[in-house]
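Read the structure below first, then the notes.
Number of protein chains: 2
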Amino acid sequence: MSEDINTGNCDSCIYKSILFEGLSSEELRIINHNKTVRIFSKGEYICHEGDEIKRFICLKEGLVKLYREGKSRHEHIISIARPMDFIGLLGIFSNSNYLYSIVAIEDSDLCLIDLESIKSIIKSNGTFALNILEKMSSVSDQVLQIQIDLAGKQLRGRIAYIILLFANQIYKTNRFDLPISRKEIGDLIEMRTENVIRILSEFRKDKLLKIEGKTIEVLDMELMKKISELG
Amino acid sequence: MSEDINTGNCDSCIYKSILFEGLSSEELRIINHNKTVRIFSKGEYICHEGDEIKRFICLKEGLVKLYREGKSRHEHIISIARPMDFIGLLGIFSNSNYLYSIVAIEDSDLCLIDLESIKSIIKSNGTFALNILEKMSSVSDQVLQIQIDLAGKQLRGRIAYIILLFANQIYKTNRFDLPISRKEIGDLIEMRTENVIRILSEFRKDKLLKIEGKTIEVLDMELMKKISELG
DNA sequence: AATCGAACATGATATATATCAATAATGTTA
DNA sequence: TAACATTATTGATATATATCATGTTCGATT
């Protein structure tokens, strides 16, 4: 386990302009004194399902996955979160315990802010309150949209959808390294590992994708979009 | 179209104690003057996908469905909302337009509050802000949980899950009238109408359910729970 | 370099689900 | 009441997906 660090200054943080814009210097001081900045290595747990929620978590750098252990079936990945997402998003203000686990899938730089401090500032600063409401709403909404989008698709459509999500939303390039295994892709879009592999191979044979291990290149973006939408 | 009415007094509203508890009398006056109370008949649209979001919608009585028109496939019902749900929930603070349509599936009594008025009170009253954040978070979270729960199940499990949702969450009784058609159940849990009917018949033959048209009685609650969890 | 386990890959087969077809029941309108 | 449309139902079949079996590749460890 790495040590907690509190070096990062809020003034230079990417979140300052998004979230903490209108805060008074006193409010910023509170945040600054009640936060922990820490690097989590790939594979390291950030929280476990059932843990008490004590921190408001911001992802500064890296990539994490939120997932639930299925009682009956396999692990279900709820979301892959990237910087600017408030990864403690869902239910953080309505539940006292996490409904999912969070694990770093790349080395990640996180800022953990004491939740009570955030709540006290919400109470005292309405603009901040509205701001945080908008941001949380947006992130939760995105997660839900993805679940709904996926629910209506069959395997080919789901694979195309998730590849495009990585290409266009997360890495913003046609060529990228998958941060997760084929099994984890299956956990994310509810299909078996074998079928993930099979359909990726199909897309490779059909010249839609170039695949070398974890490196994926989207060769025919238009057709991928069509498969994702209609699939 | 029925006429807009503004008779309901906020003092006697079920939402007052949940949501508007700590408001000053001036703030309550603002709400009271910027709201519309209206009955929507069964089948009537409350909003259409794409409409601009201008109101904060509370369901006082009745039942509504939120759904998206699928581009490729069928209609997808996102949620059946009941009183105490803020049905304009998802993205109301982060989007300017509705991502789904809302239709009354029973005669429903709604309170439509001007969204800007709500926002201005959020800014001026931190306790209200935190309160609304908690409630919105809770409702969004529930919707997401249901989607995630359903994603991992096969047909029998999904039918059991949705029957239990109606029995335990919505109507709170073992015997109730389904407010929606078999086709709509299919739209809600992503399966074809024929299979909804088939599996309901199966459950009837297995003495799990008693079915007379739209009236459903859960005969073996324990087994239904097991099917729902493991399915 | 040898060994081990995990991830990747492909084919054969079983199972789950959708689709198609046909009919019955129900409600709605003229 | 007749005529019609919508919903509910069941069976036969096609398709999609999961499962099983087996082998290969890759990376970590010794």
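Residue numbers (the numbering used here), protein chains in the order written: chain A, 319 to 549; chain B, 319 to 549.
C-beta: ideal position from N, C-alpha, C; glycine also.
| message | Between B:GLY340, B:TYR363, B:GLU367, B:LYS528, which has its C-alpha nearest B:VAL382's C-alpha? | response | Per the C-alpha coordinates, the member of B:GLY340, B:TYR363, B:GLU367, B:LYS528 positioned closest to B:VAL382 is B:TYR363.
| query | Quick one: complete alpha helix (DSSP H) runs, 4+ long, within the segment 464-490 of chain A? | reply | 473-482
| For a contact meaning CB atoms closer than 8 Å, what does A:ILE394 contact in chain B? | At residue 394 of chain A the sequence reads His, which differs from the Ile that was named. What A:HIS394 touches in chain B: ILE466, ALA469, GLY470.
| query | From B:ASP495 to B:ARG474, what distance separates their C-alpha atoms? | reply | 20 Å
| request: Keeping to the same chain, check which residues put their C-beta closer than 6 Å to that of B:LEU430; ignore five residues upstream and five downstream. | output: The beta carbon of B:LEU430 lies closer than 6 Å to those of THR354, ARG373, ILE375 in the same chain, with the five residues before and after it left out.
| said: Would B:GLU562 pass as an interface residue toward chain A - the criterion being a Cβ-Cβ separation below 9 Å? | reply: No answer is possible for residue 562 of chain B: it lies beyond the span of chain B, which begins at 319 and ends at 549.
| Is the segment 339-358 of chain A close to the segment 427-446 of chain A, with three or more CB pairs under 8 Å? | They touch, by the three-pair rule.
| Since A:ASN443 meets chain B, which of its residues come closer than 8 Å, beta carbon to beta carbon? | Neighbourhood of A:ASN443 in chain B, by CB distance below 8 Å: GLY444, in chain order.
| From B:ASP369 to B:SER414, what distance separates their C-alpha atoms? | In a straight line, the C-alpha of B:ASP369 is about 8 Å away from that of B:SER414.
| field | Delimiting residues of the beta strand (DSSP E) encompassing B:LYS528 | value | Boundaries of the beta strand (DSSP E) around B:LYS528: 527-530.
| said: Using the Cβ count rule (16 or more neighbours within 10 Å means buried), how would you classify A:GLU530? | reply: By the 10 Å Cβ count, A:GLU530 comes out exposed.
| query | When the Cβ atoms of the segment 527-541 of chain B are set against those of the segment 493-510 of chain B, are three or more pairs found closer than 8 Å? | reply | yes
| message | In whole angstroms, give me the CA-to-CA distance for A:LYS334 and A:CYS328. | response | 7 Å
| query | Do A:LYS490 and A:ASP427 have their C-beta atoms within less than 9 Å of each other? | reply | no
| said: To be precise: take each residue of the segment 502-533 of chain A, compare its Cβ to all Cβ atoms of chain B, and keep it if any distance is under 8 Å. Which residues remain? | reply: GLU508
| query | In chain order, what residues of the same chain have a beta carbon less than 6 Å from the beta carbon of B:LYS521, not counting five sequence neighbours either side? | reply | Here residue 521 of chain B is Phe; the residue named in the question, Lys, does not match the sequence. Correct list, in chain order: LEU527.
| said: Can you give me the C-alpha to C-alpha distance between A:ILE466 and A:GLY549, rounded to a whole angstrom? | reply: A straight line joining the alpha-carbon of A:ILE466 with that of A:GLY549 spans about 14 Å.
| Under 9 Å between C-beta atoms, does B:ASP459 make it to chain A? | yes
| request: Can you have a look at A:GLU508 and say buried or exposed, based on whether 16 or more other CB atoms are within 10 angstroms of its CB? | output: buried
| chain A partners of B:LEU448, CB-CB under 9 Å? | PHE411, LYS437, ILE440, LYS441, ALA447
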